[in-house]
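In the numbering used here, the protein residues as written are 22 to 160. We put the beta carbon where it would ideally sit given N, CA and C, even for glycine. Working notes, structure below.
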């Protein structure tokens, strides 16, 4: 992934609005072996069409619920094909192989993550968010 790190940071930034430098910092930490948390992409040729990451905390108040799957996104024309589900399963398996379990994620979606073995855990307060958001766990 080092060769497309910049492309990946730009792609995630374009989907979520988080500064590219934040993504690059996380990606560098993984590539340098400073963390077991990483970034996962699905490509169509050389084009990134889906991706997600694993980070310590996805901008919420429950710092004890870690690590967090974040930035889950599939380009619209590729949705409904199970790509995000395959990435989610891959990240859970990868984390488990590294001795990291459970894994958490925050989302406003209901019904999607349950299909892939995630369970609703609790509501959490997002940083600078007026409303509470849903926290899921994969054990």
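TODO: With a 10 Å radius around its C-beta and 16 neighbouring C-beta atoms as the bar for buried, classify residue 148 as buried or exposed.
DONE: As a first step, residue 148 must be located in the chain shown, where it is residue number 127. Flag for residue 148 reads exposed.
Task: Among 117, 26, 49, nearest to residue 68 - alpha-carbon criterion - done: By 1-based counting over the chain shown, the position of residue 68 is 47. Nearest of 117, 26, 49 to residue 68, Cα basis: 26.
Open item on the list: Am I right that residue 108 and residue 61 are in contact with their C-beta atoms under 8 angstroms? What's the rounded C-beta distance?
Closed with: The sequence position of residue 108 within the chain shown is 87, counting from 1. The sequence position of residue 61 within the chain shown is 40, counting from 1. About 5 angstroms separates the two Cβ atoms, so the contact holds.
TODO: Report the rounded CA-to-CA distance for residue 48 versus residue 72, giving the unit in angstroms.
DONE: As a position in the chain shown, residue 48 is number 27, starting the count at 1. As a position in the chain shown, residue 72 is number 51, starting the count at 1. Each residue's alpha carbon lies about 13 angstroms from the other.
- [ ] Assign residue 88 to buried or exposed, taking buried as 16 or more other Cβ atoms, counted over all protein chains shown, within 10 Å of its Cβ.
- [x] Position 67 of the chain shown holds residue 88. Buried, because 16 or more other Cβ atoms sit within 10 Å of the Cβ of residue 88.
Open item on the list: Can you look up residue 33 in the DSSP assignment and give me helix, strand or coil?
Closed with: In the chain shown, counting from the first residue as 1, residue 33 sits at position 12. It is helical.
Task: Three or more C-beta pairs below 8 angstroms linking the segment 29 to 49 and the segment 88 to 103 - done: yes
- [ ] Check whether the Cβ atoms of residue 128 and residue 99 sit closer than 8 angstroms, and answer yes or no.
- [x] The residue you call residue 128 lines up with position 107 of the chain shown. The residue you call residue 99 lines up with position 78 of the chain shown. Cβ atoms of residue 128 and residue 99: not closer than 8 angstroms.
Open item on the list: Could you compute how far the alpha carbon of residue 55 sits from the alpha carbon of residue 118?
Closed with: In the chain shown, residue 55 corresponds to position 34, counting from 1. In the chain shown, residue 118 corresponds to position 97, counting from 1. Their Cα atoms are separated by approximately 17 angstroms.
Open item on the list: Just to confirm before moving on: does the CB-CB distance between residue 155 and residue 141 stay below 8 angstroms?
Closed with: As a first step, residue 155 must be located in the chain shown, where it is residue number 134. As a first step, residue 141 must be located in the chain shown, where it is residue number 120. Closer than 8 angstroms, so yes.
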